[in-house]
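> Just so we're aligned, residue 824 is where the sequence shown starts under the numbering used here, counting upward by one.
We put the beta carbon where it would ideally sit given N, CA and C, even for glycine.
Model, not experiment: these values are computed from the prediction.
Please find one structure pasted underneath; my questions will follow.
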Amino acid sequence: MAKMRKKADLPVKNCAACGKPFSWRRKWARDWVDVRYCSHRCKATKA
């Protein structure tokens, strides 16, 4: 079983639309390299 990480140790990216930092989520594990937006709303605006 994998060891748990602290939230501070998770990778962080900045949203391409709003510029806010967002951290890694388990549901993005396979696609983390391709994730650019923090939410569906930001993806829809693509500023």
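#1: What number of angstroms, rounded off, separates the C-alpha of tyrosine 860 from the C-alpha of leucine 833?
#2: Lysine 836 by DSSP, collapsed to three states: which one?
#3: Between valine 882 and the rest of its own chain, which residues show a CB-CB distance below 8 angstroms, the 5 nearest in sequence each way excluded?
#4: Along the chain, where does the beta strand (DSSP E) containing serine 846 start, and where does it finish?
Put simply:
#1: Along the sequence shown, one-based indexing puts residue 860 at 37. Along the sequence shown, one-based indexing puts residue 833 at 10. Taking the straight line from one Cα to the other gives about 17 angstroms.
#2: Within the sequence shown, residue 836 is the residue found at index 13, counting from 1. The answer is strand: DSSP assigns lysine 836 an E or B state.
#3: Look at the range of the chain in this structure, 824 to 870, and you will see that residue 882 is not part of it.
#4: Along the sequence shown, read from residue 1 onward, the residue named residue 846 stands at position 23. In the DSSP assignment, serine 846 falls within the beta strand (DSSP E) that extends over 844 to 846.
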